[in-house]
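Just so you know, the sequence shown maps onto residues 93 to 521 in the numbering used here.
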Amino acid sequence: MKRLVLLAALVASPAVAAPSFDCNKARSKAEKAICASPEVSSLDSAVADAYRLALSRLEADANAVARLKIDQKAFVTYRDKFIDNENLVLPDFLARRRDFLLSIDPTARGSVEGHWKSFWGETRIRSSNRGDLDISHWMSEPVLRSWNCGDPQETTPGRLERGALVTGSKDDGMRFERKNRLLIMSILSAPDVETGASCGFIGKNTDAMFPVMSAQPIVAEQKPIPPTSEKRLANVLPRLPAAAFDNTTDGIDETELKQLIATGASANWTLKSISTQKVVISARRPFSEVHLTRTTMDGTDLIQALTFNEKAVSYSYWAVGAASAPLTSHTPRGLRRLLNETQDGSDAIPLSDIPAPIRNYIEKTEQCLHWEGEVSDDGASARKQQIASTLKKLDCAGRQRDEKTLMVQFKDQERWLTLISRTNQFLAP
Numbered sequence: 093m094k095r096l097v098l099l100a101a102l103v104a105s106p107a108v109a110a111p112s113f114d115c116n117k118a119r120s121k122a123e124k125a126i127c128a129s130p131e132v133s134s135l136d137s138a139v140a141d142a143y144r145l146a147l148s149r150l151e152a153d154a155n156a157v158a159r160l161k162i163d164q165k166a167f168v169t170y171r172d173k174f175i176d177n178e179n180l181v182l183p184d185f186l187a188r189r190r191d192f193l194l195s196i197d198p199t200a201r202g203s204v205e206g207h208w209k210s211f212w213g214e215t216r217i218r219s220s221n222r223g224d225l226d227i228s229h230w231m232s233e234p235v236l237r238s239w240n241c242g243d244p245q246e247t248t249p250g251r252l253e254r255g256a257l258v259t260g261s262k263d264d265g266m267r268f269e270r271k272n273r274l275l276i277m278s279i280l281s282a283p284d285v286e287t288g289a290s291c292g293f294i295g296k297n298t299d300a301m302f303p304v305m306s307a308q309p310i311v312a313e314q315k316p317i318p319p320t321s322e323k324r325l326a327n328v329l330p331r332l333p334a335a336a337f338d339n340t341t342d343g344i345d346e347t348e349l350k351q352l353i354a355t356g357a358s359a360n361w362t363l364k365s366i367s368t369q370k371v372v373i374s375a376r377r378p379f380s381e382v383h384l385t386r387t388t389m390d391g392t393d394l395i396q397a398l399t400f401n402e403k404a405v406s407y408s409y410w411a412v413g414a415a416s417a418p419l420t421s422h423t424p425r426g427l428r429r430l431l432n433e434t435q436d437g438s439d440a441i442p443l444s445d446i447p448a449p450i451r452n453y454i455e456k457t458e459q460c461l462h463w464e465g466e467v468s469d470d471g472a473s474a475r476k477q478q479i480a481s482t483l484k485k486l487d488c489a490g491r492q493r494d495e496k497t498l499m500v501q502f503k504d505q506e507r508w509l510t511l512i513s514r515t516n517q518f519l520a521p
């Protein structure tokens with residue numbers, strides 16, 4: 093009877109959200125990953141709704157509509173191409189796209205001033221105290237960050253020439269021109285010579301940006317996103333290995349674990365609280381408490397085991413594989429662990445809560461560690477030069493200096509000091 097009560101409590105769950113396509117026809121790994129998660133399915137549906145809304149907002153400009161379709165195709169291409177890459181966190185990737193599409197401004201603009209974005213980057217143009225215009229502009233490879241140009245933290249003065257904003261010199265600069273609803277960028281590589289290859293090396297069809305509003309419009313509230321995970325813990329809990337309890341003082345053997353799951357209690361362990369996605373289990377002596385939560389990280393369906401063992405807090409992760417197979421140990425992406433694994437076991441830190449200087453430091457550290465890991469004595473000369481150039485451009489040699497600067501800037505804020513000091517530990521390959 094206790095087993096039936098336990099499983100009934102765990103199995104009850106709300107309706108599963110549907111993606112924008114028929115999961116029975118899913119072919120790519122990305123589509124299958126979307127169908128495997130209610131959270132990601134809902135985000136995919138929200139992206140589709142936002143895309144239709146954005147097209148309707150740009151419908152007075154046929155070229156803008158065509159360019160948004162190209163931009164959306166690039167988004168889908170990168171989603172499918174890099175679905176197995178640790179740098180692509182599918183829920184975050186979809187959420188950013190949804191928010192961008194919802195922010196597209198339905199109001200026509202009369203100049204280049206304002207906020208402009210695309211899949212590839214962002215441009216902000218505003219009036220300066222000098223009476224002319226300032227511009228902040230950056231573009232980047234969307235997943236690997238293998239190339240970057242511009243800096244969102246830097247502002248450059250520009251000059252108006254026949255309604256377009258021009259920076260730099262005539263043979264080494266950039267031109268930003270509004271064409272109906274779009275901001276079109278081009279490189280000035282020689283006197284009176286332009287090329288649409290923004291940043292000098294980005295591929296075809298990346299030279300257009302779309303007008304965006306600074307705040308997400310109210311119309312974004314079309315479909316509420318369900319709880320982060322609606323997959324049932326009860327379906328996989330019997331497959332959890334005893335190793336998930338290794339961070340407790342005495343652990344648990346397989347026989348006792350089976351009894352605990354079947355009846356809700358064993359010789360030393362008791363189920364304290366139950367929900368559809370979470371179970372709290374405590375040991376009588378010596379005291380330990382294990383919080384088991386079914387969730388999705390980096391596109392992987394898993395159980396997170398958060399252990400409170402006297403004063404120690406630790407985390408382990410167990411991936412859900414083929415039906416009936418035991419769960420296997422899993423290590424999420426470093427950035428996800430950095431934000432998720434708080435020292436006191438409290439809620440994960442949302443990336444949006446982190447001050448911009450620290451976010452920039454974390455992103456820079458992640459890129460530097462990636463490229464430092466590419467260094468090899470056996471590599472081709474051109475590859476070595478590319479790696480060295482990228483490391484220099486990122487100023488990876490200055491990371492220790494950056495960390496010291498941040499430690500001083502946030503010296504009275506323990507939460508951020510801890511995050512800064514743990515960055516290298518979690519992001520190292």
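Built from N, CA and C at the ideal position, the CB exists for glycine as well.
request  = Would you tell me roughly how many angstroms separate the C-alpha atoms of P333 and A187, rounded to the nearest one?
outcome  = Position 241 of the sequence shown, counting from 1, holds the residue named residue 333. Position 95 of the sequence shown, counting from 1, holds the residue named residue 187. If you take the alpha carbons of P333 and A187, they lie about 33 Å apart.
query = Does the beta-carbon of Q396 have 16 or more other beta-carbons within 10 angstroms, so that it is buried, or is it exposed?
reply = Indexing the sequence shown from 1 puts residue 396 at position 304. Q396 is buried by the Cβ-count criterion.
Boundaries (first-last residue) of the beta strand (DSSP E) holding A256 = Taking the first residue of the sequence shown as 1, we reach residue 256 at position 164. Looking at the DSSP string, the run of the beta strand (DSSP E) that includes A256 is A256 to S261.
ask   = How many angstroms separate the CA atom of A359 from the CA atom of R376?
value = For the purposes of this step, residue 359 is identified with residue 267 of the sequence shown, where counting begins at 1. For the purposes of this step, residue 376 is identified with residue 284 of the sequence shown, where counting begins at 1. Each residue's alpha carbon lies about 9 Å from the other.
inquiry  = Just verifying my parser: in three-state terms, what is the DSSP assignment at N297?
reply    = Taking the first residue of the sequence shown as position 1, residue 297 is located at position 205. Looking at N297 - three-state DSSP - the assignment turns out to be coil, as it is neither helix nor strand.
query = What does DSSP give as the partner residues of N401 in its beta bridges?
reply = Position 309 of the sequence shown, counted from the first residue, corresponds to residue 401. DSSP, once it has assigned bridges, lists S380 and A404 as partnering N401.
task = Could you pull out every residue in the same chain whose Cβ sits closer than 6 Å to the Cβ of K350, ignoring the five residues on either side in sequence?
result = Position 258 of the sequence shown holds residue 350. Cβ neighbours of K350 beyond the five flanking positions: none.
query = Using a Cβ-Cβ cut-off of 7 Å (strictly less than) and excluding sequence neighbours within five positions of N179, which residues of its own chain qualify?
reply = Taking the first residue of the sequence shown as position 1, residue 179 is located at position 87. Hits under 7 Å: V235 and L236.
Those residues which DSSP pairs with S219 across a bridge = Counting from 1 along the sequence shown, the entry for residue 219 is found at position 127. For S219, which the question treats as bridged, DSSP gives the partners L225.
task = Determine which residues share a DSSP beta bridge with V467 and list them.
result = Sequence index remark: in the sequence shown, residue 467 carries index 375 (1-based). Its beta-bridge partners do not exist; DSSP assigns none.
ask   = In terms of residues, what are the limits of the beta strand (DSSP E) holding L363?
value = As a working note, residue 363 is residue 271 in the sequence shown. W361 to I366 is the span of the beta strand (DSSP E), which, as asked, contains L363.
inquiry  = So, for A411: in the same chain, excluding its five sequence neighbours on each side, which residues have a beta-carbon less than 8 Å away from its beta-carbon?
reply    = Translated into positions along the sequence shown, residue 411 becomes position 319. The answer, listed in chain order, is T392, D393, L394, L419, T420, S421 and H422.
Within 9 Å, strictly: CB atoms of V139 and P183 = Taking the first residue of the sequence shown as position 1, residue 139 is located at position 47. Taking the first residue of the sequence shown as position 1, residue 183 is located at position 91. No, the pair does not count as a contact, with Cβ atoms beyond the cut-off.
ask   = For the candidate residues D342, I344 and A354, whose alpha-carbon lies nearest to that of V328?
value = By one-based count along the sequence shown, residue 328 stands at place 236. Checked all of D342, I344 and A354; the closest Cα to V328 is A354.
message = Am I right that R267 and V258 are in contact with their C-beta atoms under 8 Å? What's the rounded C-beta distance?
response = Stepping through the sequence shown from its first residue, residue 267 is reached at position 175. Stepping through the sequence shown from its first residue, residue 258 is reached at position 166. Indeed, because the Cβ distance is near 5 Å, the residues count as touching under 8 Å.
request  = Taking P303 as the reference, give the member of P442, F192 and L427 with the closest Cα.
outcome  = The residue labelled residue 303 in the question sits at position 211 within the sequence shown. Among P442, F192 and L427, the Cα nearest to that of P303 belongs to F192.
inquiry  = Just list the residues that DSSP pairs R270 with in beta bridges.
reply    = The residue you call residue 270 lines up with position 178 of the sequence shown. R270 is bridged to L275.
message = With three or more beta-carbon pairs closer than 8 Å as the criterion, would you say the stretch 361-380 touches the stretch 444-464?
response = no
inquiry  = Looking only at its chain, what residues have a beta carbon closer than 8 Å to the beta carbon of V311, apart from the 5 residues adjacent to it on each side?
reply    = Here the question's residue 311 lines up with position 219 in the sequence shown. Any reading at V311 must be qualified, since the residue scores a pLDDT of 41, below 50, and its modelled position is unreliable; the value itself is stated next. For V311, where only same-chain residues beyond five positions count, the Cβ hits under 8 Å are L145 and L194.
Residues that G206 bridges to, as DSSP identifies them = Working through the sequence shown from its first residue, we reach residue 206 at position 114. The partner list for G206 (beta bridge, DSSP) reads I217.
task = Leaving out five residues on either side along the sequence, give the residues of the same chain with a beta carbon under 7 Å from the beta carbon of R514.
result = Working through the sequence shown from its first residue, we reach residue 514 at position 422. Only L430 meet the Cβ criterion.
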